[in-house]
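Reading through the structure tokens given below for one structure.
In the numbering used here, the protein residues as written are 909 to 1302.
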């Protein structure tokens, strides 16, 4: 029934629910310090510092506003008062690090992330890590922040309360999915030759062990009569049982911020859109329509006219995403279009002179010098969006 309602309408309903839930925590910066959680985060230890300073024991209520101070790689405080932009920068960087397969808590299949079954061997306190990462991912959704974290469909389906089954096995293990479907075409003799039983062999960091898929599974041979059962219990083991503890703690952390009932109006692909924004290219015409101008600038100022010519004619879709990320800290288009960006995308006059453009992500503001030469504007703008310097450049 929920899917009869257009996705955009359901997103608006979801955002209304979030707005109402956030009301007790809405503050003016510098007031009601009891509703602020502060943390000082070193960029080169972003995961470790966050895990220490924002754990549930230290910060039990992450629905409160987070005020972040970032320390750069040289040990110096980065300039700026966090009005939301530093928090977005921190959260985006933290989640990229947390979900990085090299950290060992998540692995990827065809670029899509899901919990690592072997994480318990890597982290004695792995359950705390999954709970914490679940909280921070939900915090991003709670604050309507877009993060570029592509999750596997079966993992997303479980987050919205579904039970992953054989139909979602492809998003975890495409080869096993094909093999399971192929088994349905085998006759009794072929199945007998394969010597399959209701067991699975798990190899975790070189330590192999046999898991029974049903009681006394090591003595139950797979036949035409029980083949469908075998396919389903094998899929259930890989999708559910194998990561039950990891997913359970992750979901508990996630639901500590977001009520699971709020997500029941979405399917797993729509949940990915809620997390990461609209897929595809940035709609530059929509961005241009809802851009506001400050200082000496107006929509017909010569520098502004050159700016949009460069953006529309001389930038690739990937560069559009980098430009948006440079100004707003997210390279994805808002689900309800740029009219829903808060504050609206803005361009402020940074005075005359051959200087680099900068940004104030807390205000979604591009500080653009009044260039008189289009080639110079193009060169300076492309340099800064490729630099990845973030707040340091500002």
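Idealized CB from N, CA, C, for every residue including glycine.
Because the structure is a prediction, the values reported are computed rather than measured.
Residues near residue i in its chain [Cβ-Cβ closer than 7 Å; skip 5 each side]
{"i": "residue 1040", "result": "959, 963 and 1161"}
{"i": "residue 1091", "result": "1135 and 1139"}
{"i": "residue 1292", "result": "1234, 1264, 1265 and 1301"}
{"i": "residue 1001", "result": "954"}
{"i": "residue 1331", "result": "Within the shown structure, residues of the chain are numbered from 909 to 1302, placing residue 1331 beyond reach of any answer."}
{"i": "residue 1108", "result": "1119, 1121, 1142 and 1145"}
{"i": "residue 1014", "result": "1007, 1021, 1022, 1023 and 1024"}
{"i": "residue 1179", "result": "1064, 1067, 1068 and 1171"}
{"i": "residue 933", "result": "943, 971, 972 and 973"}
Three-state class that DSSP yields for residue i in the structure shown
{"i": "residue 978", "result": "strand"}
{"i": "residue 1054", "result": "coil"}
{"i": "residue 1159", "result": "helix"}
{"i": "residue 1023", "result": "strand"}
{"i": "residue 926", "result": "helix"}
{"i": "residue 947", "result": "strand"}
{"i": "residue 1004", "result": "helix"}
{"i": "residue 1273", "result": "strand"}
{"i": "residue 953", "result": "helix"}
{"i": "residue 1131", "result": "coil"}
{"i": "residue 1071", "result": "coil"}
{"i": "residue 1194", "result": "helix"}
{"i": "residue 1165", "result": "coil"}
{"i": "residue 1207", "result": "coil"}
{"i": "residue 1049", "result": "helix"}
{"i": "residue 1153", "result": "helix"}
{"i": "residue 962", "result": "coil"}
{"i": "residue 916", "result": "helix"}
{"i": "residue 995", "result": "helix"}
{"i": "residue 1183", "result": "helix"}
{"i": "residue 934", "result": "coil"}
{"i": "residue 1059", "result": "strand"}
{"i": "residue 985", "result": "strand"}
{"i": "residue 1031", "result": "coil"}
{"i": "residue 972", "result": "coil"}
{"i": "residue 1040", "result": "helix"}
Residue i versus the options, residue with shortest Cα-Cα distance
{"i": "residue 1255", "options": "1201, 1137 and 976", "result": "1201"}
{"i": "residue 1248", "options": "1080, 1216 and 1186", "result": "1186"}
{"i": "residue 923", "options": "1034, 951, 1029 and 1050", "result": "1050"}
{"i": "residue 1148", "options": "1230, 1067 and 1295", "result": "1067"}
{"i": "residue 1130", "options": "1123, 1157 and 1099", "result": "1099"}
{"i": "residue 1164", "options": "972, 921 and 914", "result": "972"}
{"i": "residue 1033", "options": "1045, 1224, 1154 and 1080", "result": "1154"}
{"i": "residue 1195", "options": "1231, 1281, 1003 and 916", "result": "1231"}
{"i": "residue 1060", "options": "1128, 1075 and 1047", "result": "1075"}
{"i": "residue 996", "options": "1038, 1017, 1016 and 1045", "result": "1045"}
{"i": "residue 896", "options": "1262, 1273 and 1113", "result": "This structure cannot speak to residue 896, because the chain is shown only from 909 to 1302."}
{"i": "residue 1181", "options": "928, 998, 1048 and 999", "result": "1048"}
{"i": "residue 1218", "options": "1260, 1237 and 1288", "result": "1288"}
{"i": "residue 1052", "options": "1126, 1102, 1005 and 929", "result": "929"}
{"i": "residue 1205", "options": "916, 1259, 1102 and 985", "result": "1259"}
{"i": "residue 984", "options": "952, 967 and 1111", "result": "952"}
{"i": "residue 1280", "options": "1101, 1157, 1209 and 1004", "result": "1209"}
{"i": "residue 1106", "options": "1127, 1030 and 1251", "result": "1127"}
{"i": "residue 1227", "options": "1251, 1203, 1290 and 1168", "result": "1290"}
Contact set for residue i: own chain, Cβ-Cβ below 8 Å, skip 5 residues either direction
{"i": "residue 1019", "result": "1058"}
{"i": "residue 925", "result": "1170"}
{"i": "residue 1082", "result": "1017 and 1018"}
{"i": "residue 1245", "result": "1191, 1194 and 1198"}
{"i": "residue 1184", "result": "1054, 1055, 1056, 1057, 1058 and 1240"}
{"i": "residue 919", "result": "1182, 1243 and 1244"}
Beta-carbon proximity list for residue i, same chain, < 6 Å, skipping 5 on both sides
{"i": "residue 957", "result": "949 and 950"}
{"i": "residue 1028", "result": "1034"}
{"i": "residue 1104", "result": "1130"}
{"i": "residue 944", "result": "973 and 975"}
{"i": "residue 1062", "result": "1072, 1076, 1079, 1080 and 1147"}
{"i": "residue 1086", "result": "none"}
{"i": "residue 1273", "result": "1254 and 1256"}
{"i": "residue 1222", "result": "1286"}
{"i": "residue 1042", "result": "1158, 1161 and 1162"}
{"i": "residue 1238", "result": "1054"}
Proximity test, Cβ basis, 8 Å: residue i and chain B
{"i": "residue 1287", "result": "The displayed structure is made up of one protein chain only, and chain B is not part of it."}
Mind listing, in chain order, the continuous alpha helix (DSSP H) runs of no fewer than 4 residues lying wholly within the segment 1091 to 1127?
1096 to 1102
If you pair each beta-carbon of the segment 972 to 980 with each one of the segment 1010 to 1021, do three or more pairs fall below 8 Å?
no
Just checking, does the segment 1210 to 1228 make contact with the segment 1162 to 1172 on the three C-beta pairs under 8 Å criterion?
no
Please go through the segment 1213 to 1295 and give each complete alpha helix (DSSP H) segment of 4 or more residues, from N-terminal end onward.
1225 to 1236 and 1282 to 1295
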